[in-house]
Amino acid sequence: MRTIRFLLQKEFLQIFRNKGMLPIIFLMPVVQLVVLSFAATYELREVNVHLVDFDQSSASRQLVNKFQASGYFNLQNRSVDVDQGIEDMRANNVRLVMVIPHDFERNIESGRPASVQLNIDAVDGATAGLIQGYGRSIIQDFSSEVQPRVKNLQPPDQQAIEMIPASWYNPNLDYINYMVPGILVVLVSMIGMFLSGMNIVREREMGTIEQLNVTPIKRYQFITGKLFPFWIIALFELALGLAIARFGFGIPFVGNIWLLFAIAGIYLLVVQGIGLFISTVTDTQQQAMFIAWFLMVVFILMGGLFTPIESMPSWAQDVTLVNPVAHFIKIMRMVLLKGAGWAEVQRLVGILALMTIIILPAAIFRYRKSTG
Amino acid sequence: MDAFIGFVTKEFKQIYRDKRTLLVLFGMPIIQMLLFGFAIRNEVEDAKVMVLDASRDEVTQQIISKVDASKYFTIEGHIQRYDAIEDLFQQGEIDEVLVFESDFARKLQRDEQPAVHIITDASNPNLAQLIQQYSSSIIVDYQQRMSDDDRIQQGGIGTNVNMLFNPQLESVNLFVPGLIAVILMLISALMTSISITREKEMGNMEILLVSPLRPAQIIIGKVLPYLVLAFVNVLTVLVMARWVFTVPFRGSYSLFLAESLLFIFTALALGVYISTRADDQQTAMMASLAGLLLPTVLLSGFIFPISSMPVILQWISNLIPARWFLVIVRSIMLKDSGLLLLWKETLILVIMTVGFIALSVKNFKIRLE
Numbered sequence: 008m009r010t011i012r013f014l015l016q017k018e019f020l021q022i023f024r025n026k027g028m029l030p031i032i033f034l035m036p037v038v039q040l041v042v043l044s045f046a047a048t049y050e051l052r053e054v055n056v057h058l059v060d061f062d063q064s065s066a067s068r069q070l071v072n073k074f075q076a077s078g079y080f081n082l083q084n085r086s087v088d089v090d091q092g093i094e095d096m097r098a099n100n101v102r103l104v105m106v107i108p109h110d111f112e113r114n115i116e117s118g119r120p121a122s123v124q125l126n127i128d129a130v131d132g133a134t135a136g137l138i139q140g141y142g143r144s145i146i147q148d149f150s151s152e153v154q155p156r157v158k159n160l161q162p163p164d165q166q167a168i169e170m171i172p173a174s175w176y177n178p179n180l181d182y183i184n185y186m187v188p189g190i191l192v193v194l195v196s197m198i199g200m201f202l203s204g205m206n207i208v209r210e211r212e213m214g215t216i217e218q219l220n221v222t223p224i225k226r227y228q229f230i231t232g233k234l235f236p237f238w239i240i241a242l243f244e245l246a247l248g249l250a251i252a253r254f255g256f257g258i259p260f261v262g263n264i265w266l267l268f269a270i271a272g273i274y275l276l277v278v279q280g281i282g283l284f285i286s287t288v289t290d291t292q293q294q295a296m297f298i299a300w301f302l303m304v305v306f307i308l309m310g311g312l313f314t315p316i317e318s319m320p321s322w323a324q325d326v327t328l329v330n331p332v333a334h335f336i337k338i339m340r341m342v343l344l345k346g347a348g349w350a351e352v353q354r355l356v357g358i359l360a361l362m363t364i365i366i367l368p369a370a371i372f373r374y375r376k377s378t379g
Numbered sequence: 556m557d558a559f560i561g562f563v564t565k566e567f568k569q570i571y572r573d574k575r576t577l578l579v580l581f582g583m584p585i586i587q588m589l590l591f592g593f594a595i596r597n598e599v600e601d602a603k604v605m606v607l608d609a610s611r612d613e614v615t616q617q618i619i620s621k622v623d624a625s626k627y628f629t630i631e632g633h634i635q636r637y638d639a640i641e642d643l644f645q646q647g648e649i650d651e652v653l654v655f656e657s658d659f660a661r662k663l664q665r666d667e668q669p670a671v672h673i674i675t676d677a678s679n680p681n682l683a684q685l686i687q688q689y690s691s692s693i694i695v696d697y698q699q700r701m702s703d704d705d706r707i708q709q710g711g712i713g714t715n716v717n718m719l720f721n722p723q724l725e726s727v728n729l730f731v732p733g734l735i736a737v738i739l740m741l742i743s744a745l746m747t748s749i750s751i752t753r754e755k756e757m758g759n760m761e762i763l764l765v766s767p768l769r770p771a772q773i774i775i776g777k778v779l780p781y782l783v784l785a786f787v788n789v790l791t792v793l794v795m796a797r798w799v800f801t802v803p804f805r806g807s808y809s810l811f812l813a814e815s816l817l818f819i820f821t822a823l824a825l826g827v828y829i830s831t832r833a834d835d836q837q838t839a840m841m842a843s844l845a846g847l848l849l850p851t852v853l854l855s856g857f858i859f860p861i862s863s864m865p866v867i868l869q870w871i872s873n874l875i876p877a878r879w880f881l882v883i884v885r886s887i888m889l890k891d892s893g894l895l896l897l898w899k900e901t902l903i904l905v906i907m908t909v910g911f912i913a914l915s916v917k918n919f920k921i922r923l924e
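Pasting the structure below:
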């Protein structure tokens, strides 16, 4: 026990003495959490529009005003040449070219069908879908406003179905609530995986591992000494991040925070185990880093953080079963936002525990072989 | 000059002798492309819907089957009680619940407004927003078609929508060009920064500095192998984009390759700059990994449109090199944009590259004293 205590003391000292690393460990995650959480949204803000208005009538002007008044669209350019509009889209100045044909007003007034053309930049399909949705509903509104007035009939008894949307757990569709827990998981995982993995391969690259091997330190003591400090640091960072989430972003914590920390403790052992395993199969920090980077990118992009796992093809959904990041992100969101308790998360925690039982001993075993 | 050539040869040999690293360097981008190209989707597909239909008449049945028929939704089944919704959402298996009030068809006939509640699990707000939008447009469509049947067309304004450059709204076409940027950025910046810091950490830098090589030559020698490596990766990724993912390539190949080269320069210069600031590999790699990974993925427009971000973040995103390269790649591949339309983005990348080089030179000299 004494040996471990001294080892820990040494490791902590080494970490806190490294002035270059300290801001990276403690400051960068906080900054990223605060800044990046705002980035991950499809929420539609001012879409730049190129208007091609062949009609130049008061009706067309009214429609355009309605578009601008909606707050979603911003008239950037206008011309009477569709090609010029498309060219504007090619140059990425606008994402919508709206074409109002000749006779637009005349058709409306005489009760003939009129039409508006929306040319949408669909490179980003999800946004294009939203632009289409908002655009159509504005035109629909305009249509029903303008109809009864010009036709002088009683309002056409619009057979309407009333649609009442309700967004549970997050009534204002506040995406911050969703992103902050997820991004926090990624930041904590990076600390856990990169640092502990690097630390050991670094000893090998520097040759100091030989020295450690001739000391009477037992392997489990050595591994504990290497993993424990970053385990503590990562948990500390989780606490810090949650504090920011709670008091900075005002995210409601519906669930039990202690449950979350207990699960985080297990989860961190998994990522540290992976880091440790990587460091046993590599010779240099460069190799270790590249593999760690690769895994991390896969874990993040296939973790349901940015794009929903449900949208993936089913084989990819199966792949995410072995992704610890995906499980922990899910647990975080379930506990924090929906107030899920042990009963709801126990299956996921079971998977994480199983991963720990597999990866950690495997890494320690490999480590012995490669240095013994 | 001989010394320089010798040095460069040595660097190349050192990297290319290390078969394991090479495998990683070439293999991993390919695996990543395959994985993400096939797996990442940001459009809604088969969102799971439960129905609470208190009416069970012909109209609600028609709407339900219309929802089920669309590729966006799958009807998973019916529930009888409102209380059951909470459980469904808690387990996370269902994305949306449609609740039809009783007497739906009758109310519709009597010109009352029957209500349909579209309840989404908005703990994922992005997904919830998309599926709400999709479900209401299905219902609006249904309504329109019904009124068309009922009476003679009374005019009204139709909307004619064209989805340009990506008519099938395929996510692949958005993500594959983006992946090129992310992979290049991280490989080039990460590898160079670590490789140069390694020399420092091992104490080799001192030896190199007393050699007849000038500092600039040392840096160029270090960077050149990675330039070649990254360029091979560009070609691999391009081949995969074309023939594995069949992403259309409408623009000019030579412009694409030239721009890629420029972007590799930017990333390498950034890597060199990081290495002049960091004293050991650990710091260098944390700076380039932890510091670049999330910002590059999140702020470049790779997944989330920059125009949706708060204004401050839009400014910050201007500092991310990948943001500009992404616009260039997507425009060349999907929109056939020429240099004339992309000069601004290109110029910004040139300025960034020069800037990083200047900063590196300045820092490097300080270290020599």
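From first to last, the protein sequence lines are chains A and B. Residue numbers for the first sequence follow my numbering, beginning at 8 and rising by one. Residue numbers for the second sequence follow my numbering, beginning at 556 and rising by one. Cβ atoms here follow ideal geometry from the backbone N, Cα and C, with glycine treated the same way. Owing to the predicted nature of the structure, the values given are computational and were not obtained by experimental measurement.
Quick one: is residue i near chain A, going by C-beta distance under 8 Å?
i               : result
A833 of chain B : yes
R596 of chain B : yes
P669 of chain B : yes
E725 of chain B : yes
S625 of chain B : no
Q646 of chain B : yes
S748 of chain B : no
G592 of chain B : no
E566 of chain B : no
K890 of chain B : yes
F804 of chain B : no
Q617 of chain B : no
Near residue i, what residues of its chain come up, given a Cβ to Cβ distance below 6 Å and the 5 sequence neighbours on each side ignored?
i               : result
Q855 of chain B : Reading off the sequence shown, one finds Ser at residue 855 of chain B, where the question assumed Gln. If we look at S855 of chain B and ignore the five residues flanking it on each side, its Cβ neighbours are I875, A877, R878, L881.
G379 of chain A : Here G379 of chain A scores only 43 on pLDDT, less than 50, and its place in the model should not be relied on; the value that follows carries that caveat. Excluding residues within five positions, none has a Cβ falling inside 6 Å.
R373 of chain A : T287
I829 of chain B : S748, A839, A842, S843
G248 of chain A : L40, L191
Could you tell me which residues DSSP puts in a beta bridge with residue i?
i               : result
N717 of chain B : A:N126
L914 of chain B : Answer by DSSP bridge pairing: none, since L914 of chain B is not bridged.
M105 of chain A : A:L58, A:L125
I712 of chain B : A:A121
T935 of chain B : Because chain B spans 556 through 924 in this model, residue 935 of chain B falls outside it and cannot be assessed.
V606 of chain B : B:H633, B:L653
D896 of chain B : The question names Asp, yet the displayed sequence has Leu at residue 896 of chain B. Its beta-bridge partners do not exist; DSSP assigns none.
N681 of chain B : According to DSSP, N681 of chain B bridges with nothing at all.
S86 of chain A  : A:V59
Does the beta carbon of residue i come closer than 8 Å to any beta carbon on chain B?
i               : result
R373 of chain A : no
A347 of chain A : yes
W175 of chain A : yes
L219 of chain A : no
L191 of chain A : no
N99 of chain A  : yes
T128 of chain A : The sequence given here places Asp at residue 128 of chain A; Thr does not occur at that position. For D128 of chain A, the answer is yes, since a Cβ of chain B falls inside 8 Å of its Cβ.
T314 of chain A : yes
Return the chain-ordered list of same chain residues with a C-beta closer than 7 Å to the C-beta of residue i, the five sequence neighbours on each side being excluded.
i               : result
A913 of chain B : none
A677 of chain B : A683
L847 of chain B : M740, L741, A744
So, for residue i: in the same chain, excluding its five sequence neighbours on each side, which residues have a beta-carbon less than 8 Å away from its beta-carbon?
i               : result
I867 of chain B : none
L219 of chain A : E210, F229
D835 of chain B : T752, K755, E756
L302 of chain A : M200, I281, I285
By alpha-carbon positions, which one of the options ends up nearest to residue i?
i               : options                        : result
V59 of chain A  : A:L43, A:L103, A:Y79, A:F23    : A:L103
G733 of chain B : B:V789, B:I686, B:Q772         : B:V789
N55 of chain A  : A:F80, A:P315, A:V71           : A:F80
L6 of chain A   : A:F237, A:L359, A:E116, A:Q75  : For chain A, the structure presents residues 8 to 379; residue 6 of chain A sits outside this window and is missing.
L816 of chain B : B:R797, B:V579, B:I735         : B:I735
Y185 of chain A : A:F45, A:Q139, A:E169          : A:F45
V304 of chain A : A:A333, A:W322, A:P320         : A:A333
G561 of chain B : B:E900, B:N918, B:F786, B:L763 : B:L763
Residue ranges of each beta strand (DSSP E) run of no fewer than 3 residues wholly in the segment 158-221 of chain A, ordered along the chain?
169-175
My parser needs the alpha helix (DSSP H) runs of 4 or more residues fully inside the segment 803-879 of chain B; what are they?
808-832, 836-840, 846-854, 866-872
Let me know the alpha helix (DSSP H) ranges lying completely inside the segment 258-345 of chain A, each 4 residues or longer, listed in chain order.
264-288, 292-308, 321-326, 331-345
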